[in-house]
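>
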Amino acid sequence: MPMPAPGSAPGRTNRFAVVALVTGLTGLVLLAVGFAIAAFVQIGRRGEKGKGLAIGGLAASVAWVLVAAVALAVFVGSIFTTDRDASGRVTGKDKVLPAALRTGDCFTGLREGAFRNLVTALPCTEPHDGEVIATLQMPGGEYPGDQKVAEAATGLCGRKMLQFRRSRYARDLAQYSIQPTKTSWNAGDRKLICLARYTGSGTLTAPLAKTVDSTMKEWLGLAVGDCLGKWDENTQAQRVIPCAQPHWIQVYAVLTLPEGPYPGPKATEKKAAAACDKRADKVFTGRPSPELISWLFPEKYDWEAGVRTVVCLAESDDRPLKKSLLPR
Numbered sequence: 000m001p002m003p004a005p006g007s008a009p010g011r012t013n014r015f016a017v018v019a020l021v022t023g024l025t026g027l028v029l030l031a032v033g034f035a036i037a038a039f040v041q042i043g044r045r046g047e048k049g050k051g052l053a054i055g056g057l058a059a060s061v062a063w064v065l066v067a068a069v070a071l072a073v074f075v076g077s078i079f080t081t082d083r084d085a086s087g088r089v090t091g092k093d094k095v096l097p098a099a100l101r102t103g104d105c106f107t108g109l110r111e112g113a114f115r116n117l118v119t120a121l122p123c124t125e126p127h128d129g130e131v132i133a134t135l136q137m138p139g140g141e142y143p144g145d146q147k148v149a150e151a152a153t154g155l156c157g158r159k160m161l162q163f164r165r166s167r168y169a170r171d172l173a174q175y176s177i178q179p180t181k182t183s184w185n186a187g188d189r190k191l192i193c194l195a196r197y198t199g200s201g202t203l204t205a206p207l208a209k210t211v212d213s214t215m216k217e218w219l220g221l222a223v224g225d226c227l228g229k230w231d232e233n234t235q236a237q238r239v240i241p242c243a244q245p246h247w248i249q250v251y252a253v254l255t256l257p258e259g260p261y262p263g264p265k266a267t268e269k270k271a272a273a274a275c276d277k278r279a280d281k282v283f284t285g286r287p288s289p290e291l292i293s294w295l296f297p298e299k300y301d302w303e304a305g306v307r308t309v310v311c312l313a314e315s316d317d318r319p320l321k322k323s324l325l326p327r
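Quick note on numbering: the sequence shown equals residues 0 to 327 in numbering that gives the first Met the number 0.
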């Protein structure tokens with residue numbers, strides 16, 4: 000009876016094949032592949048059993064890779080979408096990238112300086128601290144550089160924030176923006192996302208549009224005859240009150256400066272002062288003159304947006320007014 004060749008072990012199962020199967024079944028894909036390759040080499044050289052086990056380990060590894068790929072695809076898809084109703088309003092609570100949000104969407108979890116991180120999109124009736132107030136496309140052309148893009152984004156989003164100067168939460172609203180990068184710009188994506196974040200105590204439970212106070216006006220919305228209390232320097236909008244009630248300020252003129260390049264803050268104020276002085280001489284001829292007159296005038300970003308409005312104010316210095324200063 001012939002003796003087995005030295006070094007052979009007929010009928011023995013290769014240990015690497017067993018380990019390949021175990022690691023494959025437990026999801027240790029890289030280890031399973033390595034052990035399976037080692038098993039095939041030894042099985043071929045030694046004539047051991049276990050090829051089926053090694054193949055099983057590879058098959059299990061492939062299954063794990065497919066499961067991971069599907070899970071990754073689902074995850075990647077989920078961070079770019081959120082559940083919405085037929086009108087487009089968010090209905091669930093989903094972790095998404097801010098870039099997936101639309102105008103009017105509310106969210107929580109925005110961290111300053113980490114605008115590419117996930118946030119939680121949720122209905123605006125749920126407690127939240129952020130809202131997308133606008134999504135815009137920045138003007139085309141070559142990428143102007145990070146600083147120029149940031150400056151343009153601040154101006155564009157600032158104009159969108161004007162509508163919320165009359166919000167009862169205006170003092171606690173901070174403006175943020177997610178700007179296109181050089182890479183996305185060069186790829187044709189110049190999307191700008193304008194965000195408002197509530198920084199006060201507690202949270203919001205309504206869209207910002209529903210927090211706007213109809214009795215408040217920002218300076219561009221003031222009209223001739225409007226009466227106001229003392230000017231509140233802490234907010235960009237002021238409360239308009241009936242002129243029959245005690246008040247301190249009344250708008251006596253709304254004027255427009257001539258077109259042209261922005262003349263600078265000092266020159267703009269000088270033009271506004273001259274225009275309001277001239278109009279005061281006309282309005283208050285034959286009537287009691289106000290103790291003080293002042294004026295509101297456009298800043299650079301207003302001017303560049305086409306705003307050249309000047310609002311002229313008549314003020315009382317030491318006691319409230321009890322009726323209109325203007326002729327009926």
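The beta-carbon is built from N, C-alpha and C at its ideal position, and this holds for glycine as well.
Quick check: what's the CA-CA separation for ASP145 versus MET137?
Spanning the two alpha carbons is a distance of roughly 13 Å.
> Here's a check: name, in chain order, each residue in its chain whose Cβ is nearer than 8 Å to the Cβ of THR338, leaving out the five neighbours to either side.
The requested residue 338 does not occur in the structure, where the chain is confined to residues 0 to 327.
> Can we say the region 245-258 touches the region 172-187, given the rule of at least three CB pairs closer than 8 Å?
At 8 Å Cβ cutoff, the stretches do not touch.
> Locate the beta strand (DSSP E) running through VAL148, then write down its first and last residues.
No beta strand (DSSP E) contains VAL148, which is instead part of the alpha helix (DSSP H) from 145-160.
> What's the C-alpha gap between THR335 and LEU27?
The structure shown does not extend to residue 335, since the chain is modelled only from 0 to 327, so the question has no answer here.
> Please return the same chain residues whose Cβ sits closer than 7 Å to the Cβ of TYR300, not counting the five positions on each side in sequence.
If we look at TYR300 and ignore the five residues flanking it on each side, its Cβ neighbours are GLY154, GLY157.
> Does the region 163-173 come close enough to the region 92-101 to have 3 or more Cβ pairs within less than 8 Å?
In short, these stretches do not touch, since the Cβ pair count stays below three.
> Put TRP230 into one of helix, strand or coil per three-state DSSP.
In this structure, TRP230 counts as coil in the three-state DSSP scheme.
> Alpha carbon to alpha carbon, what distance is there between ARG88 and VAL64?
Near 36 Å, if we compare the C-alpha coordinates of ARG88 and VAL64.
> Give the DSSP bridge partners of TYR197, in chain order.
According to DSSP, TYR197 bridges with LEU172.
> Whose CA, out of PHE283, VAL61, GLU298, ASP276, lies closest to the CA of CYS311?
Checked all of PHE283, VAL61, GLU298, ASP276; the closest Cα to CYS311 is ASP276.
> Going along the chain, which unbroken runs of the alpha helix (DSSP H) with 4 or more residues stay wholly within the region 44-111?
The qualifying runs are 50-77.
> How many Å lie between ALA195 and ALA68 at the Cα?
For ALA195 and ALA68, the distance between alpha carbons rounds to 36 Å.
> When you compare only the Cα positions, how much space is there between ILE240 and GLU268?
About 27 Å.
> Nearest to THR25 by CA position, among GLU232, TRP218, LEU295, GLY55, is which residue?
For THR25, the nearest C-alpha among the options comes from GLY55.
> Measure the alpha-carbon distance for PHE296 versus PRO262 and round it to whole angstroms.
Taking the straight line joining both Cα atoms gives about 12 Å.
> Let me know if ARG307 comes out buried or exposed under the rule of 16 or more other beta-carbons within 10 Å of its beta-carbon.
That one is buried.
> Could you tell me which of ALA205, SER323, GLU258 sits nearest to GLU125, measuring between CA atoms?
When each option's Cα is compared against that of GLU125, the closest is ALA205.
> Can you list, in chain order, the residues of its chain with a C-beta nearer than 8 Å to that of PRO179? Leave out the 5 residues immediately preceding and following it.
Closer than 8 Å at the Cβ level, and outside the excluded window around PRO179, lie MET137, VAL148, ASP188, ARG189, LYS190, LEU191.
> Would DSSP call TRP247 helix, strand or coil?
Coil, per DSSP.
> Would you list the one or two residues that DSSP bridges to CYS242?
Answer is none; CYS242 lacks a bridge partner.
> Taking C-beta to C-beta, are GLY33 and ALA58 nearer than 9 Å?
No.
> Among residues of its own chain, excluding the 5 on either side of LEU324, which ones have a beta-carbon nearer than 8 Å to its beta-carbon?
For LEU324, where only same-chain residues beyond five positions count, the Cβ hits under 8 Å are GLN249, TYR251, PHE283, ARG286, PRO287, PRO289, ALA313.
> Is it buried or exposed, SER60, if we count other Cβ atoms within 10 angstroms and call 16 or more buried?
Buried is the call here.
> I need the straight-line Cα distance from VAL17 to ILE36, nearest angstrom please.
Computed Cα separation, rounded: 12 Å.
> Take LYS215 and list the residues in its own chain whose beta-carbon comes closer than 6 Å to its own, dropping the five residues that flank it on each side.
Reading off the sequence shown, one finds Met at residue 215, where the question assumed Lys. Hits under 6 Å: ARG165, ALA236, ARG238.
> Let me know the secondary structure DSSP gives LYS299 once reduced to three states.
Helix.
> Look at the alpha carbon of ALA19 and the alpha carbon of PHE39, and state the distance between them as a whole number of angstroms.
Roughly 10 Å separates the two Cα atoms.
> Quick one: Cα of ARG327 to Cα of ALA273, how far?
The straight-line gap from Cα to Cα measures roughly 25 Å.
> In terms of alpha-carbon separation, which member of LYS281, PRO245, GLU298, TRP247 lies closest to LYS270?
Checking every option, the nearest Cα to that of LYS270 belongs to GLU298.
> Relative to the C-alpha of LEU219, which candidate in ALA152, TRP302, ALA31 has its C-alpha closest?
The option with the nearest alpha carbon to LEU219 is TRP302.
> Assuming THR134 is part of the alpha helix (DSSP H), what are its boundary residues?
No alpha helix (DSSP H) holds THR134; the beta strand (DSSP E) holding it covers 129-136.
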